[in-house]
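**Student:** In the UniProt record's numbering, the protein residues as written are 1 to 169. All C-beta atoms in this analysis are idealised placements derived from N, C-alpha and C, irrespective of residue type, glycine included. For clarity, every value in this text was computed on a predicted model and none was experimentally measured. Right, I'll just put the structure down here and ask away after.
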């Protein structure tokens with residue numbers, strides 16, 4: 001059964017639910033704990049496949065967004081693989097990165113945990129804002145009207161009957 005709040009604020013309720021889901025991380029595929037792949041052949045095949053995928057993503061990022069990026073990867077047997085594969089291009093981007101002051105470089109580095117924390121804070125802030133906005137709208141619809149303060153008992157009973165009649169439809 002749809003409530004008056006649902007009718008008055010159809011999008012806000014779903015927006016709050018979406019934000020709560022995003023903050024709590026309850027939706028989507030649930031992964032187990034990541035563990036090292038025990039079979040060496042399968043581990044090597046997975047490494048090669050994922051490394052290729054990372055290179056593709058870096059290529060797309062640099063091409064579509066016109067940014068510079070590089071990747072240095074140490075394989076399971078100690079082999080070094082880089083992207084871009086041209087050593088001069090890799091050196092140019094790496095030198096540019098190293099010229100940045102160390103304190104500024106550290107500000108730009110964001111680990112997965114830092115990213116998740118920042119995203120969670122942003123979503124919690126948005127959730128708080130939407131809840132406040134929703135509360136203000138509800139108060140506007142269901143809040144107290146100061147004109148009711150001056151009504152006599154008979155007028156209050158009449159108002160109550162009118163409200164009950166409206167709600168019965």
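Going by DSSP, what residue range makes up the alpha helix (DSSP H) through residue 74?
**Tutor:** Walking along the chain shown from the start, residue 74 turns up at place 74. Residue 74 -> not in any alpha helix (DSSP H); beta strand (DSSP E) instead, spanning 71-74.
**Student:** Drop a sphere of 10 angstroms on the beta-carbon of residue 84, count the other beta-carbons inside from all chains shown, and report buried for 16 or more, exposed for fewer.
**Tutor:** Here residue 84 refers to the residue found at position 84 when the chain shown is read from its first residue. It is buried - the Cβ of residue 84 has at least 16 other Cβ atoms within 10 Å.
**Student:** Give me the Cα-Cα distance between residue 2 and residue 167, rounded to the nearest whole angstrom.
**Tutor:** Reading the chain shown from its first residue, position 2 is the one you call residue 2. Reading the chain shown from its first residue, position 167 is the one you call residue 167. Because the pLDDT at residue 2 is just 49, under 50, the model does not fix this residue reliably, and the point stays unresolved.
**Student:** Which of helix, strand or coil does DSSP assign to residue 81?
**Tutor:** The residue you call residue 81 lines up with position 81 of the chain shown. In this structure, residue 81 counts as strand in the three-state DSSP scheme.
**Student:** Assuming residue 81 contacts residue 73 (C-beta within less than 8 Å), just tell me the rounded distance between them.
**Tutor:** On the chain shown, residue 81 is found 81 positions in, with the first residue counted as 1. On the chain shown, residue 73 is found 73 positions in, with the first residue counted as 1. With a Cβ gap of about 5 Å, residue 81 and residue 73 count as contacting.
**Student:** Are residue 71 and residue 55 close, meaning C-beta to C-beta below 9 Å?
**Tutor:** The residue labelled residue 71 in the question sits at position 71 within the chain shown. The residue labelled residue 55 in the question sits at position 55 within the chain shown. Going by C-beta atoms, residue 71 is nearer than 9 Å to residue 55.
**Student:** Determine the direct distance from the alpha carbon of residue 133 to that of residue 123, and round the result to whole angstroms.
**Tutor:** For the purposes of this step, residue 123 is identified with residue 123 of the chain shown, where counting begins at 1. For the purposes of this step, residue 133 is identified with residue 133 of the chain shown, where counting begins at 1. Approximately 15 Å between the Cα atoms of the pair.
**Student:** Could you check how far apart the C-beta atoms of residue 96 and residue 68 are, in whole angstroms? I think they sit under 8 Å.
**Tutor:** Here residue 96 refers to the residue found at position 96 of the chain shown. Here residue 68 refers to the residue found at position 68 of the chain shown. Rounded, the Cβ-Cβ distance is 7 Å, consistent with contact.
**Student:** What are the start and end residues of the alpha helix (DSSP H) that includes residue 155?
**Tutor:** Residue numbering aside, residue 155 sits at position 155 when the chain shown is read from its first letter. Its alpha helix (DSSP H) spans residues 153-168.
**Student:** Do you know whose CA, among 93, 47 and 161, lies nearest residue 78's CA?
**Tutor:** One-based indexing of the chain shown puts residue 78 at position 78. Ranking 93, 47 and 161 by Cα distance to residue 78 puts 47 first.
**Student:** Could you spell out where the alpha helix (DSSP H) holding residue 170 opens and where it closes?
**Tutor:** In the structure as shown, the chain starts at 1 and stops at 169, and residue 170 therefore has no counterpart that could be examined.
**Student:** Out of curiosity, what's the CA-to-CA distance linking residue 131 and residue 149?
**Tutor:** Taking the chain shown and counting its residues from 1, the one referred to as residue 131 is at position 131. Taking the chain shown and counting its residues from 1, the one referred to as residue 149 is at position 149. Rounded to whole angstroms, residue 131 to residue 149 spans 28 Å at the Cα level.
**Student:** Quick one: which unbroken alpha helix (DSSP H) runs of 4-plus residues sit fully inside the region 103-143? Chain order, please.
**Tutor:** Counting only runs of 4 or more, we get 112-142.
**Student:** How far does the alpha helix (DSSP H) with residue 60 in it reach, from first residue to last?
**Tutor:** Position 60 of the chain shown holds residue 60. That run of the alpha helix (DSSP H) goes 40-65.
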